[in-house]
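Position in the sequence shown (first residue = 1) + 7 = the working numbering.
Accompanying notes for the structure given below.
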Amino acid sequence: MKLTKSLIAGAALTALPTLALAQDAAPGFDEIGPYIMTTLLFCMAGFLVFFMAAGFAMLEGGLVRSKNVTMQMTKNIGLFSIAAIMYWLVGFNTMYPGDFNGYFALGGQTVLDPVGVAAADAALDYASIGSDFFFQLVFVAATASIVSGALAERIKLWPFLIFVVVLTGFMYPISGSWQWGGGWLSEAGFSDFAGSTVVHSVGGWAALAGAIVLGPRLGKYKDGKVNPMPGSNLALATLGTFILWLGWFGFNGGSQLAMGTVGDVSDVSRIFANTNMAAAAGAVTALILTQVLYKKPDLTMVLNGALAGLVSITAEPLAPTLFGALWIGAIGGVIVVFAVPFLDKLKIDDVVGAIPVHLFAGIWGTIAVVFYNSDASLGTQITGIIAYGVFTFVASLVLWFILKAVVGIRVGEEEEIAGLDMSEMGMEAYPDFSKG
């Protein structure tokens with residue numbers, strides 16, 4: 008062993024002059040290291056956020072009735088795949104337009120770094136194009152998943168997927184460029200670290216517009232009463248929630264956008280801890296509140312309480328203390344418990360609670376930034392909330408109305424009663440449990 012080490016040491020010493028010449032000719036590790044580590048961060052965080060697609064699918068599959076599960080699975084794999092193609096085709100270069108400074112100029116196709124790119128030819132000030140593209144792509148897919156759950160059990164497949172094409176290719180990238188693309192909201196001082204508004208509220212506004220145009224499920228509101236329609240599998244919904252919770256570490260942690268220094272890595276760990284605390288606080292708050300209000304805890308509210316806590320901390324997961332993350336997430340849990348029955352009073356049917364979780368808690372999280380980020384102002388945060396709300400809600404409303412007039416967006420009454428699995432898909436998720 009000693010001999011081997013000596014030989015290696017000798018070889019290293021012999022190579023020193025050559026290494027010195029190479030260092031003179033190529034970028035040093037101080038330049039290459041941050042590029043490599045940040046690229047790695049985007050890849051790892053992207054893997055986690057991608058897994059959130061499975062979380063959304065399982066959550067929705069558990070919260071819809073068994074006759075509609077196949078439809079939800081198809082929508083979720085379809086929307087992610089469409090998002091991947093549309094974000095490559097126009098979305099990524101629209102959202103990050105460079106010279107266009109985040110306004111309405113549409114970009115073109117994303118082009119990756121050359122195979123085996125040399126350090127001297129790479130953009131060492133950031134990360135590889137492939138890693139950045141993939142990391143941003145999984146965010147836009149999450150936005151589309153929010154819409155899927157809210158409109159479940161009565162929407163046709165193809166009109167929904169057409170909406171996803173426009174949302175992921177144009178609507179989300181345009182509004183996203185205002186903040187993350189260095190556009191007018193970024194210049195105004197609006198702050199949204201990982202997307203309480205840019206991602207979650209956008210999905211919530213699009214879902215709200217769709218729910219209004221689509222109308223409630225048959226029998227949901229009858230004779231002045233709200234008729235519960237229990238989901239098919241709460242174990243599946245719980246699994247989906249835990250998967251989303253796990254994926255959120257990549258969602259928020261990756262949004263540090265750098266892993267090249269001790270400070271960056273430490274900040275990523277701080278984001279992880281705050282993200283986890285907010286989720287836990289949202290879940291516990293919903294657990295206690297439903298016990299107090301309804302005399303029994305409501306699992307679906309607890310699951311959505313955890314998700315609301317996650318959405319709430321997403322706009323600023325770095326700056327708060329753990330106690331700060333706790334109370335921010337706890338308020339998210341309160342919002343869900345009261346917002347779900349509020350929407351029912353308005354006869355807005357949201358099957359999985361996506362609008363309270365992603366829209367209402369997203370608004371709260373964006374406002375909460377001002378408590379820990381001294382560079383953020385309440386006025387600017389509210390300006391951003393309004394800008395995203397008006398643009399996304401109006402654009403979505405117009406698109407939903409166009410789809411309704413041209414192709415129709417809702418299945419017929421008989422098809423809805425039979426279930427979308429058979430009427431739209433021709434196959435059931437649980438055939439062994441069907442009648443006949």
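The C-beta atom is built at its ideal place from N, Cα and C for all residues, glycine as well.
Nothing here was measured: the structure is a model prediction, and the numbers come from that model.
Taking residue i as the reference, give the member of the options with the closest Cα.
i    : options                   : result
K74  : A361, M236 and P363       : M236
L4   : G261, L310 and K229       : Coverage of the chain is limited to positions 8 through 443, which leaves residue 4 absent and any answer about it impossible.
A151 : G217, W252 and L314       : G217
L144 : C50, E194, A213 and W191  : C50
W371 : P41, F378, G339 and D128  : G339
L174 : V269, M93 and A322        : M93
G386 : Y228, S198 and F398       : S198
P324 : L353, T297, M284 and K302 : M284
G415 : L164, I43, N83 and E160   : L164
F99  : I136, V405, D439 and D274 : I136
T328 : I295, N380 and V405       : N380
W187 : A159, S262 and L158       : S262
D230 : K354, G369, I43 and I424  : K354
F58  : G69, F87, L48 and D37     : F87
M308 : V206, P348 and A425       : P348
Q388 : M266, G68 and W191        : W191
K82  : G426, A159, S273 and G267 : A159
A436 : A402, I295, V401 and G68  : G68
F258 : I320, V405, G433 and E423 : I320
F400 : L48, D128 and I219        : I219
V291 : L333, D128, A326 and S276 : L333
A64  : P166, A326, I424 and L241 : L241
P223 : A157, E422 and F142       : A157
Y103 : P166, A91, A127 and G189  : G189
May I ask you to list the residues that DSSP assigns as paired with residue i?
i    : result
I162 : R417
K229 : K232
Quick check: is any heavy atom of the ligand ATP less than 8 Å from the C-beta of residue i?
i    : result
L215 : This structure lacks the ligand ATP; in fact it carries no ligand of any kind.
Taking C-beta to C-beta, are residue i and residue j nearer than 9 Å?
i    : j    : result
L225 : E431 : no
D351 : V233 : yes
P363 : V376 : no
N281 : G210 : no
A361 : A201 : no
T117 : F140 : yes
H365 : I89  : no
G85  : V171 : yes
G391 : T204 : yes
G260 : I278 : yes
W407 : L168 : no
A134 : T77  : no
I39  : L131 : yes
L243 : L410 : no
L251 : L317 : yes
A149 : A60  : yes
G62  : F249 : yes
Q79  : S138 : no
A287 : A315 : no
L96  : G176 : yes
D271 : M44  : yes
V341 : L300 : no
Quick one: measure Cβ to Cβ for residue i and residue j, integer angstroms, because I've assumed they're closer than 8 Å.
i    : j    : result
V56  : G254 : 5 Å
V71  : S239 : 6 Å
F367 : A383 : F367 to A383, Cβ: 20 Å. No contact.
Y395 : S193 : Not a contact, Cβ separation roughly 13 Å.
R161 : V418 : 6 Å
A313 : T373 : That pair is no contact at about 19 Å.
D356 : K227 : 5 Å
P41  : G267 : 3 Å
W212 : S403 : 6 Å
Within 9 Å (strictly less), CB to CB, does residue i reach chain B?
i   : result
G53 : In the structure shown, chain B does not exist; there is a single protein chain.
- Item | Given 8 Å, three or more beta-carbon pairs between the region 178-190 and the region 118-135 | As far as the Cβ criterion goes, the region 178-190 does not touch the region 118-135, which means the pair count is below three.
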